[in-house]
Amino acid sequence: MLLRLALVSWDRTPAQFRRYGEVLQTVAATPPTTKRVLVVLPTYNEADNVILLSGEVLAQDPAIHVLVVDDNSPDGTAELVAATAGDESRLHLLRRPGKLGLGTAYLAGFRYGLENGFDRIFTMDCDFSHNPKYLGRMLQALDSHDMVIGSRYVPGGGIENWPWHRRLLSAFANFYARTLLRLKVRDCTAGYRGYRREVLESVEPFQIRSSGYSFLEEMAWRVTRCGFSIGEIPIIFEQRKAGASKIESSEIYLAAWYVLATALHPPPLPHRKRDTLD
Ligand SMILES: Nc1nc2c(ncn2[C@@H]2O[C@H](COP(=O)(O)OP(=O)(O)OP(=O)(O)O)[C@@H](O)[C@H]2O)c(=O)[nH]1
Ligand SMILES: [Mg+2]
Numbered sequence: 001m002l003l004r005l006a007l008v009s010w011d012r013t014p015a016q017f018r019r020y021g022e023v024l025q026t027v028a029a030t031p032p033t034t035k036r037v038l039v040v041l042p043t044y045n046e047a048d049n050v051i052l053l054s055g056e057v058l059a060q061d062p063a064i065h066v067l068v069v070d071d072n073s074p075d076g077t078a079e080l081v082a083a084t085a086g087d088e089s090r091l092h093l094l095r096r097p098g099k100l101g102l103g104t105a106y107l108a109g110f111r112y113g114l115e116n117g118f119d120r121i122f123t124m125d126c127d128f129s130h131n132p133k134y135l136g137r138m139l140q141a142l143d144s145h146d147m148v149i150g151s152r153y154v155p156g157g158g159i160e161n162w163p164w165h166r167r168l169l170s171a172f173a174n175f176y177a178r179t180l181l182r183l184k185v186r187d188c189t190a191g192y193r194g195y196r197r198e199v200l201e202s203v204e205p206f207q208i209r210s211s212g213y214s215f216l217e218e219m220a221w222r223v224t225r226c227g228f229s230i231g232e233i234p235i236i237f238e239q240r241k242a243g244a245s246k247i248e249s250s251e252i253y254l255a256a257w258y259v260l261a262t263a264l265h266p267p268p269l270p271h272r273k274r275d276t277l278d
């Protein structure tokens with residue numbers, strides 16, 4: 001099935017196909033999970049990455065499904081996924097009419113995961129910055145934590161090939177959000193995350209109005225304030241190799257403003273945490 005997934009995309013993405021054989025050989029032999037797992041990949045112009053990355057994610061565990069949430073990418077990302085999904089029952093596509101932002105793409109993924117009975121719901125960037133090889137460890141961490149973050153800022157974690165100014169910006173954004181929102185997690189702007197479904201049912205993520213980085217910071221804040229535990233698994237974050245960044249610099253200022261507003265006027269939260277750990 002996975003081989004067919006790659007074959008369908010041969011015409012459009014020969015480079016992705018060539019690397020696919022290597023992928024199958026390198027997947028770690030971790031014991032398969034008994035949970036139903038959804039990995040949400042938000043995409044905007046990720047045709048160079050989406051097929052190979054989906055294949056790598058699906059290869060990590062037979063229980064994993066992938067949902068691509070695409071915002072009508074002009075480069076044909078959705079068409080590639082649609083052509084491939086016909087032969088791969090664990091690959092799903094949600095098309096949206098236009099570029100509606102990363103935050104609402106996460107929410108669409110959460111809704112899909114909850115409505116379709118998934119126990120564990122992950123998010124990751126579709127540009128290979130988040131290596132799928134960490135999914136197994138992150139899944140295991142969800143046995144003892146309510147939420148898990150693939151973290152650059154815990155021992156063993158790090159960043160590869162980022163220029164100094166991006167490192168500085170990321171470190172400052174984390175310091176700023178952690179201080180203002182009084183968060184203990186080290187990497188609160190990371191998009192590589194996993195949630196137990198009960199967490200998403202409890203913290204009312206659909207009330208979040210912000211997008212991008214501040215969406216992620218507010219999620220970490222909600223999860224913490226509602227009394228859930230967050231585990232961090234060290235990852236090496238890699239600079240994207242194909243395609244271009246979609247995050248605009250204005251989003252950084254917006255996120256800074258939004259974090260300040262959340263700290264000064266916290267939105268109402270549900271009162272009680274549901275006990276999730278089985
Ligand atoms: N559906 C959807 N996906 C988006 C949107 N904006 C960004 N994405 C996706 O969200 C993920 C993160 O965006 P990136 O452009 O990689 O942002 P970034 O990681 O901060 O920037 P780089 O480090 O330069 O890659 C990628 O998979 C994008 O394709 C959007 O408006 N809608
Ligand atoms: Mg990226």
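Residue numbers are given in my numbering: position 141 of the sequence shown equals residue 141, and the series is strictly consecutive.
Just so you know, even glycine gets a beta-carbon here, dropped at the ideal spot from N, CA and C.
query	result
Distance CB(aspartate 127)-CB(glutamate 56) smaller than 8 Å	no
As assigned by DSSP and simplified to three states, the class of valine 223	helix
Beta strand (DSSP E) runs contained entirely in the stretch 111-147, provided each spans 3 or more residues	120-123
Alpha-carbon to alpha-carbon, leucine 52 and glycine 21	With a pLDDT of only 38 at glycine 21, under 50, the local geometry of the prediction cannot be trusted, and the value read off the model is given with reservation. Near 10 Å, if we compare the C-alpha coordinates of leucine 52 and glycine 21.
Proximity test, aspartate 187 beta-carbon vs ligand 1 heavy atom, cut-off 7 Å	no
Endpoints, the alpha helix (DSSP H) within which glycine 101 is located	Counting along the chain, glycine 101 falls outside any alpha helix (DSSP H), and DSSP gives it neither H nor E.
Three-pair Cβ contact test at 8 Å for the stretch 161-170 versus the stretch 194-201	no
Buried or exposed (CB count within 10 angstroms, at least 16 for buried), alanine 244	exposed
8 Å Cβ cutoff met for alanine 242 and leucine 216	no
Whole-angstrom C-beta distance between valine 203 and proline 270, which should lie under 8 Å	7 Å
Methionine 124 to leucine 58 span [Cα, whole Å]	13 Å
Isoleucine 149, DSSP secondary structure in three states	strand
Span of the alpha helix (DSSP H), counted from its first residue to its last, around valine 252	Checking the sequence, you will find isoleucine at residue 252 rather than valine. Where isoleucine 252 is concerned, the enclosing alpha helix (DSSP H) stretches over 250-264.
Spatial distance of phenylalanine 228 from leucine 200 (CA atoms)	11 Å
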